[in-house]
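Below is one structure, written out as structure tokens; the observations come after it.
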């Protein structure tokens, strides 16, 4: 009888242990504390001033999904210009937008960052807005919509800077002079890029480029249609001093350079409609918006990257190699 009772007690104890183990495995979150930020991957953000590299204290950082523009999170840096963030996905691209907690008009000075598994530190360069005299042009990225649409994207960003409620898609569809490339008798035929955009900017393979007069015309088309109080000026041939003079007055300048300021790369291109000979085409043409200048550094809104800082000499060397093409919109 005693043995039976002991066996019954042992069986009850065994059942209790099994039930307890099941509860632990099935409902851990109710027993153990929730996973906190310290157990996730941390990425440290340092916000510094363009040119000087001085940390900027007490700035907010808005982080958006680069593909959807959805706000992911908002953080505020400490007195050392630093803030730790958690929860970003490896392999995704994000727009990091520093903006002063004192001056909300700085919103839009952003940097495109692809977060990798190894990413643990990101340095964001921006204006110290209270001392800034440049133009806070909003970031407008050409991809994924326009792989070869840096020109119309740059113009869209400047129009938005002046308060226009327009997208790059609308600008391309309604206002950009363009003409497709066609193949006839084994030869590619297309427009003069000084008169129309050649090809389709939304195509990875059939999008080429346009020169300054085309973007000048696109801006004129928009202003005429919407009656926006703006003037367009083609500043092609302008000197470095003339460009920076505009920028220092808070006027952004659309400029033609090359990708990463590398030397121009040429190859045989298409035949301009109505002629017999193919042109030499650029393989690495790019268009950016110059927004500021500090301590020998040129600050640009790059439609591929967001805000980027370039060495003054390198930037204007590339600008000159691309025939010093520039467009300005002014009130």
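Residue numbers (the numbering used here): 71 to 401. Note that beta-carbon positions come from the ideal geometry of N, C-alpha and C, so glycine has one too.
In the structure shown, residue 144 falls within a strand segment according to DSSP collapsed to helix, strand and coil.
Going by C-alpha positions, residue 156 is about 35 Å away from residue 221.
A check of alpha carbon separations from residue 388 across 332, 204, 365 and 362 identifies 332 as the nearest. In the DSSP assignment, the residues bridged to residue 381 are 367. Residue 152 places its beta carbon 8 Å or farther from that of residue 113. DSSP places residue 392 in the coil class of the three-state scheme, outside both helix and strand.
Going by C-alpha positions, residue 365 is about 18 Å away from residue 206. Secondary structure note for residue 236: it is in no beta strand (DSSP E), with a DSSP letter that is neither H nor E. Within the region 333-363, the complete beta strand (DSSP E) runs of at least 3 residues fall at 336-342 and 348-352. Residue 400 sits in a strand when the DSSP states are folded into three classes. The region 331-350 and the region 252-264 touch, with no fewer than 3 CB-CB distances between them shorter than 8 Å.
One alpha carbon belongs to residue 162, the other to residue 137, and they sit about 9 Å apart.
Close CB contacts of residue 212 within its chain, under the 6 Å cut and outside five residues either way in sequence, are with 219, 220, 223 and 373 (chain order). Per DSSP, the unbroken beta strand (DSSP E) holding residue 114 starts and ends at 112-119. The three-state secondary structure of residue 281, taken from DSSP, is coil. For residue 315, the uninterrupted alpha helix (DSSP H) run begins and ends at 310-318, by DSSP.
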